[in-house]
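Asker: Take this structure, written in structure tokens, and hold onto it; I'll ask about it next.
There are 2 protein chains.
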Amino acid sequence: MKELTIGIDIGGTNTKYGIVDKEGQVVFQGSISTAEYNEFKDYFKGLANAIRQAIQGLKGEHKILGIGVGAANGNYYKGTIERATNLKWKGIIPLADMLKEEFDIPAIITNDANAAAVGEMVYGAAKGMKDFVVITLGTGLGSGFVANGQLLNGKHGIAGEVGHTSVNPAGRYCNCGKRGCLETYVSATGIKRTVYKLLADHLEPSELRGIAFDNLNTKMITEAAIRGDVVALAAFEYTGRILGMKLAETVVHTDPEAIFLFGGLSLAGDLIFKPTIRHMEANLMPLFRGKVKVLPSGLQNQAAPILGASSLVWNYLDNTQQKQLQKIIA
Amino acid sequence: MKELTIGIDIGGTNTKYGIVDKEGQVVFQGSISTAEYNEFKDYFKGLANAIRQAIQGLKGEHKILGIGVGAANGNYYKGTIERATNLKWKGIIPLADMLKEEFDIPAIITNDANAAAVGEMVYGAAKGMKDFVVITLGTGLGSGFVANGQLLNGKHGIAGEVGHTSVNPAGRYCNCGKRGCLETYVSATGIKRTVYKLLADHLEPSELRGIAFDNLNTKMITEAAIRGDVVALAAFEYTGRILGMKLAETVVHTDPEAIFLFGGLSLAGDLIFKPTIRHMEANLMPLFRGKVKVLPSGLQNQAAPILGASSLVWNYLDNTQQKQLQKIIA
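So this is what it looks like as structure tokens:
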């Protein structure tokens, strides 16, 4: 009998879901719209139906062990999604309890960056590591920490908001209400803002002068940089410098074995890794230099968010078993 | 039969040692000079003799379960003291193995701030907490993290060097070789430097204008502030602002329940706590505001370093027992 888990990644536009085995093979995947459901109860009905159909379509003997969900502002302890700015449904949604009841199996929720960290540990490049960090570079900058082999959730289930550490208290406006947060500089949006800052400050010609802010994306900046566009190259150097400086601060907090970069900006390869590593090393206290690897995520593919979410179940089952053992012996 | 542990705190000038029960009662304490021993092997002989005498003097039936050592640059994984800048003996000293052999009981080493964190959890104000931070304010600024109920050691055993996060890359020179590290602003030495900066920049009269840098200490600055000295008051405000700003960064990393301040500067009470809390809250992203307590350590007494060191043994024995249980069942 094949043991399987379900992974659900709730984004503002679409919800991806998939069925995954212990080795990280996605045996089924699909998606439904998130944005078109104005009412959460309609969305939940649509999602539950889609998952039920997917399960019914599975061939061979199998057992579904649980459901993992990655979502912005997903709270691990409460099993809720709380006031996510990218979702229409406001308030506190008890999604884990609803999934548990609907499918009669364990359901675990966490934020998407924490799911990425567990995914990296279960299926990706952090297999066997006990202390590492995953930085997700999307619209914003998310982070997930593993310490002593366990996801670091913190007291309130909201650990790992490195995107909202400060680069400059009088700097760029951030969606969180503060100014100068790391994610306003280092993210898909951040590098766009940097390109526009550089175009404003400097006189150099650049192919990016012909592109409107709303049309510009990381891929265009990357391709321009590969073609030698000085503004695009400078934007990567600027982004890597700030990321490197701030990663040096993260390193002295938790002393990780490695930091994995995940998402669009990390696909630019050396353009982002080289300045990041150089400035991280330069800003570390000597005791830490040369010790911490900065690496691309091992889950750089379309299914990564589903893998991250499904990995929560394996991780949960492992932890639950250990707790039960301790109780029996105590 | 009374179960006891030994705690040793190795400072640059003196080494304190004590015998402690599970409730944190120090049943014996003593000290020997650290600085007067030029050779480590002579120091070790002196320390071992002193401890042996203390054990022989104990009344009633007892069992010594282990030895814990707190020392600058103590490495938990290797059981060594490595290149401590405050000690005469250079290189890597395998102190844990030497103590194990000498006394035939487990010996655990960690740095003094990590020992303080475990001490806070075992005997102090963090009893029952699973996620917290201890900040030690002495000559420098040390920090120890507990996450998921475990000391956060990191991959290389050097986690928790928050004293070397950056306040200003072009700021004050630090012993670590960098510039602008947090501990150059927030520590006994840091507030002295701030007083001198303020005396240089401003015209206000201050009783501190009559005191040479080498003679000035935290207690004098505190007493001047209590008497209403504006420079001393401004120095606390400046120190608390920087500490608060940087604690906001620490909070979004690990989401602690509380941050405990320990050591000389923390004894100034409201003078340091009020600006620290105000600026921490102002610099936190809204999601975290009002959630994290900043509190005085519960171990503010002479025996604190001994308690911290001895607590390592209880913590080690608990962890070892859990690991054995898991092995038996696996």
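These protein sequences, in sequence, are chains A and B.
Residue numbers 30 to 359, in the working numbering, belong to the letters of the first sequence in order.
Residue numbers 30 to 359, in the working numbering, belong to the letters of the second sequence in order.
From the three backbone atoms N, C-alpha and C, an ideal C-beta is built for every residue, glycine too.
Kindly list, in the order they appear in chain A, the residues whose Cβ is closer than 7 Å to that of His185(B).
Answerer: Neighbours of His185(B) on chain A, chain order: Asp284, Lys320.
Asker: Below 8 Å, can you find three or more Cβ-Cβ pairs linking the stretch 243-255 of chain B to the stretch 133-150 of chain B?
Answerer: Taking 8 Å as the limit for Cβ pairs, the verdict is that the stretch 133-150 of chain B does not touch the stretch 243-255 of chain B.
Asker: Could you check what DSSP says for Asp38(A) in three-state terms: helix, strand or coil?
Answerer: In this structure, Asp38(A) counts as strand in the three-state DSSP scheme.
Asker: Less than 8 Å between the CB atoms is what I'm expecting for Val55(B) and Ala338(B), so what's the real figure, rounded?
Answerer: The Cβ separation is near 11 Å, so there is no contact.
Asker: Since Val281(B) meets chain A, which of its residues come closer than 7 Å, beta carbon to beta carbon?
Answerer: By Cβ distance, chain A contributes Glu190, Val191, His193, Thr194.
Asker: Mind listing the chain B neighbours of Thr100(A)? Cutoff is C-beta to C-beta under 8 Å, in chain order.
Answerer: Residue identity check: residue 100(A) is Ala in the sequence provided, not Thr. Residues of chain B passing the Cβ test: none, with the nearest at roughly 15 Å.
Asker: Could you give the first and the last residue of the continuous alpha helix (DSSP H) run that contains Val163(B)?
Answerer: Segment 161-166 is the beta strand (DSSP E) holding Val163(B); no alpha helix (DSSP H) there.
Asker: Does any residue of chain B have a CB that is nearer than 8 Å to the CB of Gly344(A)?
Answerer: At residue 344(A) the sequence reads Asn, which differs from the Gly that was named. Not one chain B Cβ lies under 8 Å of Asn344(A).
Asker: In the DSSP assignment, what residue or residues form a beta bridge with Tyr46(B)?
Answerer: Tyr46(B) is bridged to Ile37(B), Gly59(B).
Asker: Fully enclosed by the stretch 164-246 of chain A, which alpha helix (DSSP H) runs are 4 residues long or longer?
Answerer: Runs found: 217-230.
Asker: Can you check whether the CB of Gly86(A) is closer than 8 Å to the CB of Tyr345(A)?
Answerer: The answer is no: Cβ separation not under 8 Å.
Asker: Against Gly206(B), what residues of chain A qualify as contacts under a CB-to-CB distance less than 9 Å, listed in chain order?
Answerer: Met314, Pro315, listed in chain order.
Asker: Anyone know if the C-beta pair for Gly269(B) and Pro304(B) falls short of 8 Å?
Answerer: Their beta carbons are under 8 Å apart, which means Gly269(B) touches Pro304(B) by this criterion.
Asker: Helix or strand or just coil, what does DSSP make of Asn115(B)?
Answerer: Residue state, collapsed to three classes: coil.
Asker: List the residues of chain C whose Cβ lies closer than 8 Å to the Cβ of Glu278(A), in chain order.
Answerer: The structure shown contains no chain C; the protein chains it does contain are A and B.
Asker: Taking a cut of 7 Å between CB atoms, which residues from the stretch 152-166 of chain A lie near chain B?
Answerer: Correct list: Asp160.
Asker: Tell me Ile110(B)'s beta-bridge partners as DSSP assigns them.
Answerer: Gly103(B), Ile122(B), per the DSSP bridge assignment.
Asker: Cβ atoms of Asp284(B) and His185(A): under 8 Å apart, would you say?
Answerer: Yes.
Asker: Can you tell me which of the three DSSP states Val98(B) falls into?
Answerer: If DSSP states are grouped into helix, strand and coil, Val98(B) belongs with the strands.
Asker: Which term fits Glu90(B), buried or exposed, when burial requires 16 or more other beta carbons within 10 angstroms of its beta carbon?
Answerer: Exposed, since its Cβ has fewer than 16 Cβ neighbours within 10 Å.
Asker: Can you name the residues that DSSP bridges to Leu324(A)?
Answerer: The partner list for Leu324(A) (beta bridge, DSSP) reads Phe289(A).
Asker: Please go through the same chain and pick out, in chain order, the residues whose beta-carbon is closer than 8 Å to the beta-carbon of Arg208(A), but skip the five residues on each side of it.
Answerer: Contacts found: Asn197, Pro198, Ala199, Gly200, Arg201, Tyr202.
Asker: Can you pull the chain A neighbours of Leu116(B), defined as C-beta to C-beta under 8 Å?
Answerer: The premise fails here: Leu116(B) is roughly 15 Å from chain A at the closest Cβ pair, so nothing lies under 8 Å.
Asker: Under a CB-based cut-off of 8 Å, is Gln58(A) close to chain B?
Answerer: Chain B contact via Cβ: absent.
Asker: Quick one: grab the DSSP three-state call for Lys74(B).
Answerer: In this structure, Lys74(B) counts as helix in the three-state DSSP scheme.
Asker: Taking Leu296(A) and Gln329(A) to be in contact with their CB atoms under 8 Å, please state how far apart those CB atoms are, rounded to whole angstroms.
Answerer: The Cβ separation is near 7 Å, so the contact holds.
Asker: Determine the chain B residues that contact Leu181(A) at a beta-carbon separation under 9 Å, and present them in chain order.
Answerer: The contacting residues are Asp160, Ala176, Asn177, Leu181, His282, Thr283, Asp284.
Asker: Should Asp71(B) be labelled buried (16 or more other beta-carbon atoms within 10 Å of its own) or exposed?
Answerer: Exposed is the call here.
Asker: Quick one: what does DSSP say Ala136(B) is sitting in, helix, strand or coil?
Answerer: Three-state result, Ala136(B): strand.
Asker: At a cut of 8 Å, does the stretch 154-165 of chain B reach the stretch 271-286 of chain B through at least three beta carbon pairs?
Answerer: Contact between the stretch 154-165 of chain B and the stretch 271-286 of chain B is present, because at least three Cβ pairs lie under 8 Å.
Asker: Compute the Euclidean distance between the alpha carbons of Leu341(A) and Ala254(B), then round it to the nearest angstrom.
Answerer: Taking the straight line joining both Cα atoms gives about 52 Å.
Asker: Which of the three DSSP states is assigned to Lys248(A) in this structure?
Answerer: In the structure shown, Lys248(A) sits in a helix (DSSP, three-state: H, G or I).
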